[in-house]
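See structure below.
In the numbering used here, the protein residues as written are 1 to 493.
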């Protein structure tokens, strides 16, 4: 076993330097003896309350978050430090880094919308370039197509370093990782060596946690300040992104790449919407090549351009990158379409912010020959301020609005719907149906074959959280069942 002084270059109290640890844990229940227990203060649980339990389970030592202090409890040293998260990251990076099979290139992607798609698109392109690339994020971790579930978009600091080590041990060379604002604020990525960082956009979200938009933006900016980056890729169509680009470009002119506007370093021109995607011309640093993107939604063009910018930063030419854009596949629960003959089309998307909902509905309008329906709710115990804004967007962009449950969690589902209705000028024109399964069936039964139904908010999720419990639920499964039931009924008529 290695000692704590072997595992970190950060200064340690003299009493801790020679303590040997065999692993690191932040959950006292997982201790079997000989681990370093890191007690962190979380949004729901305070790990410091479990220090005595960790000592009883034979923790080798405890590093806890708090004002500087050192004590010995029942023969076990407990060190409190305001930098507990930094120490957890540095120690786990060293400890788990010793079992990797080789250097792992990590690409961090942050932004309100588009993180999942951009990480998956980068991984898909890297695999086309003969790299063994994986992802960590909202829909899981591992290789696309064989993902394992993750609890959070960005795991806790100990789990994250362990996960990166396991992916490296499996032979992966690159990992594209979603980096949430919560993770950056809570230092979950401490000591992760990012080779590149991508910023997609920032719109209202998570203000229940951050309090203000400025603090939300400041949290995301930390990805570009965590360590020296080889490459920073920024969407300058976003006002915050444009500001960051100017600041970063001035300091590191050769390492900052822009996308998102016609004068960006990487952009698309002569864009033409097709029934199942877009065709256009890819421009990278003045070089051009035609491309076809088999994905609906103009925001997916921007997501693909972010991935293209990263591939260009790796030295790949515009023609090759344009070819790879043509092979991109949709991410589960992201503008995922179910389309059967003589049936309304159903699209499943994770859109759960006002901006994402507006972009999804705007994109689908161009693919809809009949009425555009939207089914959505808002998550409980989350930012209430976005609920009326989403109501306004829905009534402005859709022909039919059906409000239902999302993940109510511990809140009253009816109270959430009232918040959404409060933002609508014509709330009487919205239809409220609970539970969600009934809302989906209602739309599928009543929509015309030329209509399009957007099921927004849950995307890839396979559960619904109600009153503190998770129940199996999938928009995709429910939509498929509803379409099948309608087809069977019509066949019997």
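Note that the Cβ used here is the ideal one computed from N, Cα and C, for glycine as well.
For the beta strand (DSSP E) that contains residue i, what are its first and last residues?
i, result
"residue 34", "That residue, residue 34, is in no beta strand (DSSP E); it is neither H nor E in DSSP."
"residue 270", "266-274"
"residue 80", "76-81"
"residue 467", "Note, residue 467: premise wrong, no beta strand (DSSP E); not H, not E."
"residue 166", "Looking at the DSSP string, residue 166 is not in any beta strand (DSSP E); the run it does join, the alpha helix (DSSP H), is 157-169."
"residue 65", "61-65"
Assuming residue i contacts residue j (C-beta within less than 8 Å), just tell me the rounded distance between them.
i, j, result
"residue 328", "residue 294", "7 Å"
"residue 196", "residue 230", "6 Å"
"residue 123", "residue 144", "6 Å"
"residue 302", "residue 235", "7 Å"
"residue 334", "residue 349", "6 Å"
"residue 395", "residue 345", "Going by Cβ atoms, the distance from residue 395 to residue 345 rounds to 21 Å, so no, they are not a contact pair."
"residue 371", "residue 418", "Incorrect: roughly 26 Å between the Cβ atoms, too far for contact."
"residue 16", "residue 96", "With 8 Å as the limit, residue 16 and residue 96 do not qualify as a contact, their Cβ atoms being about 20 Å apart."
"residue 116", "residue 331", "6 Å"
"residue 373", "residue 447", "6 Å"
"residue 487", "residue 343", "7 Å"
"residue 94", "residue 7", "5 Å"
"residue 443", "residue 393", "About 18 Å separates the two Cβ atoms, so there is no contact after all."
"residue 259", "residue 233", "7 Å"
"residue 322", "residue 289", "4 Å"
"residue 387", "residue 416", "7 Å"
So the candidates are the options; which of them puts its Cα closest to the Cα of residue i?
i, options, result
"residue 406", "60, 254 and 414", "414"
"residue 568", "12, 42, 8 and 52", "Because the chain spans 1 through 493 in this model, residue 568 falls outside it and cannot be assessed."
"residue 310", "108, 476 and 24", "108"
"residue 238", "203, 425 and 411", "203"
"residue 188", "218, 160, 468 and 199", "160"
"residue 352", "225, 291, 457 and 139", "457"
"residue 104", "64, 166, 128 and 178", "166"
"residue 451", "367, 50, 265 and 299", "367"
"residue 215", "416, 182 and 93", "182"
"residue 264", "251, 247 and 282", "282"
"residue 409", "380, 256, 190 and 241", "380"
"residue 228", "322, 133, 68 and 194", "194"
"residue 118", "136, 12, 365 and 56", "136"
"residue 120", "25, 169, 305 and 44", "305"
"residue 50", "425, 68, 387 and 25", "25"
"residue 385", "403, 420 and 412", "420"
"residue 169", "82, 142 and 11", "142"
From the DSSP secondary-structure annotation, give me the bridge partner or partners of residue i.
i, result
"residue 235", "259"
"residue 135", "142 and 176"
"residue 362", "Paired residues: none, contrary to the question."
"residue 194", "106"
"residue 72", "77"
"residue 395", "Answer by DSSP bridge pairing: none, since residue 395 is not bridged."
"residue 376", "403"
"residue 3", "20"
"residue 456", "349"
"residue 283", "267 and 288"
"residue 148", "141"
"residue 463", "472"
"residue 46", "41"
"residue 432", "403"
"residue 277", "274"
"residue 199", "110 and 234"
Measure the Cβ-Cβ separation of residue i and residue j and say whether it is below 8 Å.
i, j, result
"residue 73", "residue 40", "no"
"residue 31", "residue 58", "yes"
"residue 472", "residue 441", "no"
"residue 455", "residue 397", "no"
"residue 80", "residue 89", "no"
"residue 153", "residue 178", "yes"
"residue 147", "residue 158", "no"
"residue 516", "residue 377", "With the chain covering 1 to 493 only, the question about residue 516 has no answer from this structure."
"residue 64", "residue 4", "no"
"residue 249", "residue 110", "no"
"residue 92", "residue 162", "yes"
"residue 184", "residue 223", "yes"
"residue 261", "residue 270", "no"
"residue 176", "residue 133", "yes"
"residue 462", "residue 436", "no"
Which first and last residues belong to the alpha helix (DSSP H) in which residue i is found?
i, result
"residue 140", "Per DSSP, residue 140 belongs to no alpha helix (DSSP H); it is in the beta strand (DSSP E), 140-143."
"residue 127", "115-128"
"residue 313", "298-313"
"residue 492", "475-492"
"residue 438", "436-446"
"residue 337", "First-last for residue 337: 336-338, but that is the beta strand (DSSP E), not the alpha helix (DSSP H)."
"residue 419", "413-421"
"residue 181", "181-185"
"residue 97", "84-97"
"residue 325", "318-325"
How about residue i: is its C-beta nearer than 8 Å to some C-beta of chain B?
i, result
"residue 235", "This model lacks chain B altogether; it includes just one protein chain."
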